[in-house]
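Single-structure report; data block below.
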Amino acid sequence: MSVQRVCVVTGAAAGLGHAIVTRFAAAGDAVAIVDRDKDRSEEVLTSLRDSGATAESFPTNVADEDAVILLAAALKDRFGRVDVLVNNAGYASREGSVVDMTRKAWDMTIAVNLTGPFLVSRHLVPLMPPGSAIVNVGTTGAVRAVPETDAYVAAKGGLIALSKAMALSLADRGIRVNVANPGVVVTDEVAKHLDNPRLQKMLERSRPLRAELGRPDEFAAVVEFLAGDGAAYINGTVVNVDGGALC
Ligand SMILES: NC(=O)c1ccc[n+]([C@@H]2O[C@H](COP(=O)([O-])OP(=O)(O)OC[C@H]3O[C@@H](n4cnc5c(N)ncnc54)[C@H](O)[C@@H]3O)[C@@H](O)[C@H]2O)c1
Numbered sequence: 477m478s479v480q481r482v483c484v485v486t487g488a489a490a491g492l493g494h495a496i497v498t499r500f501a502a503a504g505d506a507v508a509i510v511d512r513d514k515d516r517s518e519e520v521l522t523s524l525r526d527s528g529a530t531a532e533s534f535p536t537n538v539a540d541e542d543a544v545i546l547l548a549a550a551l552k553d554r555f556g557r558v559d560v561l562v563n564n565a566g567y568a569s570r571e572g573s574v575v576d577m578t579r580k581a582w583d584m585t586i587a588v589n590l591t592g593p594f595l596v597s598r599h600l601v602p603l604m605p606p607g608s609a610i611v612n613v614g615t616t617g618a619v620r621a622v623p624e625t626d627a628y629v630a631a632k633g634g635l636i637a638l639s640k641a642m643a644l645s646l647a648d649r650g651i652r653v654n655v656a657n658p659g660v661v662v663t664d665e666v667a668k669h670l671d672n673p674r675l676q677k678m679l680e681r682s683r684p685l686r687a688e689l690g691r692p693d694e695f696a697a698v699v700e701f702l703a704g705d706g707a708a709y710i711n712g713t714v715v716n717v718d719g720g721a722l723c
């Protein structure tokens, strides 16, 4: 029998992170739910354990380095190592253009979407053996910018550049780093805003493939692939999961 992998997913209490952690658990991996929302993490933990999974919850704000240091220590205690890290926690701030947004909004957006993945990688990489993988969750908005979300686009663009740098700098440890960029994937949160005129405008170019927008399980399948041995020779790559919207 093969050894159970340990898969850490940030932002796993909702949306895409929930779909990703559920997919790993269904494949028999041990999973760590890392999210700042303690109550929702607890709900996800209960449902995963009810389905027979090996799962733990580590409520953490990924932008807080002291909390991330505690996370790394707790993961080491519980599992001893990390085989897969998915830096998925993030949020699409809508503070507007560079002239409209506040400095505070800029700092917060960079902190969660760019500094968070840096901090979690910094403290978890020492737990990752050769053959491990990191998947960072970006956005197609970092490839083709979305207006009025300047800080978010900048943070995720930075995350793509950081991922490529990490792919090279962690290669000698045998750790691969790739990016999965969602286009519009209909999570519970996205579903609430589908009639928003700005989103409607984006949706006009989001349907080259089919009328239905992306589903969280379809995105999770790509993350699972990038994290697995089937992607052993894929490193520093950006995969857009958008039905062809960027074509
Ligand atoms: N859903 C989409 O269509 C879409 C499109 C482009 C990019 N994304 C990216 O995908 C990722 C997941 O998005 P989603 O749609 O599932 O969002 P979501 O809001 O549904 O879920 C995000 C989860 O991350 C957690 N989180 C947020 N900030 C955190 C922090 N500082 N520390 C720990 N946990 C934190 C939240 O509590 C929540 O559980 C994000 O990085 C987002 O930018 C999503």
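So the sequence shown is numbered by my numbering: it starts at 477 and just counts up by one.
Note that beta-carbon positions come from the ideal geometry of N, C-alpha and C, so glycine has one too.
Kindly give me the distance between the Cβ atoms of residue i and residue j, rounded to whole angstroms, as I take these residues to be in contact under 8 Å.
i	j	result
Val661	Ser639	Incorrect: roughly 19 Å between the Cβ atoms, too far for contact.
Ser517	Ala489	4 Å
Val613	Asn537	17 Å between Cβ atoms; not a contact.
Ala627	Glu571	6 Å
Val717	Glu694	7 Å
Val596	Leu561	7 Å
Leu524	Ala501	5 Å
I'd like to confirm something about residue i: is its beta-carbon nearer than 7 Å to some heavy atom of ligand 1, or not?
i	result
Pro658	yes
Gly566	yes
Arg525	no
Leu492	yes
Ala512	The amino acid at residue 512 is misidentified as Ala; the sequence shows Arg. Flag set: Cβ of Arg512 near ligand 1.
Glu665	yes
Asn711	no
Asn716	no
Val507	no
Asn537	yes
Val613	yes
Thr585	no
Gly634	no
Val485	no
Val629	no
With respect to the alpha helix (DSSP H) encompassing residue i, which residues constitute its N-terminal and C-terminal limits?
i	result
Ile636	Asp626 to Ser645
Ile651	That residue, Ile651, is in no alpha helix (DSSP H); it is neither H nor E in DSSP.
Ala549	Glu541 to Phe555
Ser597	Gly592 to Leu600
Starting from residue i, follow the beta strand (DSSP E) in both directions and report where the run begins and ends.
i	result
Glu571	Unbroken run through Glu571: none, as it is neither H nor E.
Ser523	Per DSSP, Ser523 belongs to no beta strand (DSSP E); it is in the alpha helix (DSSP H), Lys514 to Asp526.
Leu561	Val560 to Asn563
Thr486	Val482 to Thr486
Roughly how many angstroms separate the alpha carbons of residue i and residue j, rounded to a whole number?
i	j	result
Val629	Arg598	23 Å
Cys723	Thr615	15 Å
Glu541	Pro602	15 Å
Val484	Asp505	10 Å
Pro684	Thr486	30 Å
Thr713	Ala609	12 Å
Arg579	Met642	28 Å
Arg686	Ala637	31 Å
Pro692	Asp648	33 Å
Gly607	Pro673	45 Å
Val699	Ala531	19 Å
Asp583	Phe555	33 Å
Ile545	Gln676	41 Å
Pro688	Ala667	Reading off the sequence shown, one finds Glu at residue 688, where the question assumed Pro. So the alpha carbons of these two residues sit roughly 12 Å apart.
Glu519	Ala581	30 Å
Arg620	Asp526	41 Å
Asp481	Ala587	A small correction: the amino acid at residue 481 is Arg; Asp does not occupy that position in the sequence shown. In a straight line, the C-alpha of Arg481 is about 29 Å away from that of Ala587.
Arg499	Met577	37 Å
Tyr567	Leu590	11 Å
Exercise. Quick one: which unbroken alpha helix (DSSP H) runs of 4-plus residues sit fully inside the region 672 to 708? Chain order, please.
Key: 673 to 680 and 692 to 703
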